[in-house]
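Take a look at the structure set out below.
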């Protein structure tokens, strides 16, 4: 559990799946201070207690365990908690929001919730509350495929939130923060020979300034972020292709380099991993 709004702590203690970062906060003492939503939308809810919030230039408002809020990227939040409070924050990848919106007929909205300038405050109905509980329970379980299940649940949650009038405006608002653009570019082009200096040039930034900003917000360098995406993708590709094909499909020019990176992360070579998975399947 996290008891301080510090980005470095969030990046270390937060649980990250393909589609979101799971942040669980527990404040036993009163708290007053600030935090940011950084480069992604955040869906936040209270599990115990109450918060007083002011987001960007909005009016002060309270919200408790029967409600949830959606924060756009790069929002500045001023908050105060006077009683012991537990909260859940789901930091959602923009890509999965777009995918869900494209597949859902958003004309099915059936209720209205208030908005405070650039944020959304909604009442948790029975379905949304149950999905929050499933995500929490799965995160703290020993289920082998729990991150996969959590990603299914977050899509289910987005689908149900999009039924509420006003939520789509916040979730789908165009976000033009340079680091958001950079993340999107890397995720869409991880299988190509990406050069960090080319991304920096595209954003009209120096390579050093871009790398510093990227690390400050994401918590890793652009190269490390790219490596993590490639290695995650390699797990799925190795189910159907040989090591050489996977390396080239992921944009590696040197197969030995791919093998060494894979072994450093997972403890096995790609070939050993394939054999282990095959035995487990049999």
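Numbering (my numbering), first residue to last: 780 to 1061. C-beta atoms are modelled at their ideal positions from N, C-alpha and C, and glycine is treated no differently. Computed from a prediction, not measured in an experiment: that's the story for all the values here.
Count the other C-beta atoms from every protein chain shown that fall within 10 angstroms of the C-beta of residue i, then say buried if there are 16 or more, exposed otherwise.
i	result
residue 1057	exposed
residue 919	exposed
residue 989	buried
residue 1004	buried
residue 985	exposed
residue 1043	exposed
residue 836	exposed
residue 879	buried
residue 798	buried
If we ignore side chains and look at the alpha-carbon of each, how far apart do residue i and residue j end up?
i	j	result
residue 1016	residue 864	43 Å
residue 923	residue 930	14 Å
residue 842	residue 979	40 Å
residue 787	residue 998	7 Å
residue 1028	residue 970	6 Å
residue 928	residue 1032	34 Å
residue 846	residue 900	7 Å
residue 903	residue 941	13 Å
residue 957	residue 982	7 Å
residue 966	residue 906	31 Å
residue 889	residue 921	Note that residue 889 scores 49 on pLDDT, short of 50, meaning its location in the model is unreliable; the coordinates nonetheless yield the value given after this. Distance between the alpha carbons of residue 889 and residue 921: 37 Å.
Consult DSSP for residue i and reduce its assignment to one of helix, strand or coil.
i	result
residue 908	helix
residue 937	helix
residue 919	coil
residue 984	coil
residue 901	strand
residue 864	strand
residue 883	coil
residue 893	Legend: pLDDT at residue 893 = 49, less than 50; position of this residue unreliable, no value from coordinates given.
residue 973	coil
residue 1061	Here the model assigns residue 1061 a pLDDT of 49, short of 50, so the residue's position is not dependable, and the following value carries that caveat. Coil at residue 1061, not helix or strand.
residue 1048	coil
residue 993	helix
residue 859	strand
residue 792	helix
residue 1017	coil
residue 784	coil
residue 924	coil
With distance defined between alpha-carbon atoms, name the residue in the options nearest to residue i.
i	options	result
residue 1021	1001, 995, 1045, 1051	1051
residue 812	1026, 782, 970	782
residue 912	836, 835, 859, 824	824
residue 817	905, 1018, 959, 973	959
residue 937	957, 967, 908	908
residue 794	784, 869, 982, 898	869
residue 829	819, 844, 987, 820	844
residue 834	858, 949, 947, 961	858
residue 974	949, 916, 1000	1000
residue 855	820, 827, 976	820
Is any non-hydrogen atom of the ligand ZN found closer than 7 Å to the C-beta of residue i, if you look at the structure I gave you?
i	result
residue 939	Of the ligands one can find in the structure shown there are none, so the ligand ZN has no counterpart to examine.
Check your understanding: Counting Cβ pairs closer than 8 Å, one from the stretch 854 to 871 and one from the stretch 795 to 808, do we hit at least three?
Key -> yes
Check your understanding: Touch check for the stretch 977 to 995 and the stretch 1034 to 1043: three-plus C-beta pairs under 8 Å?
Key -> no
Review point. Are there three or more Cβ pairs, one per stretch, closer than 8 Å when the stretch 873 to 885 is compared with the stretch 925 to 943?
Key: yes
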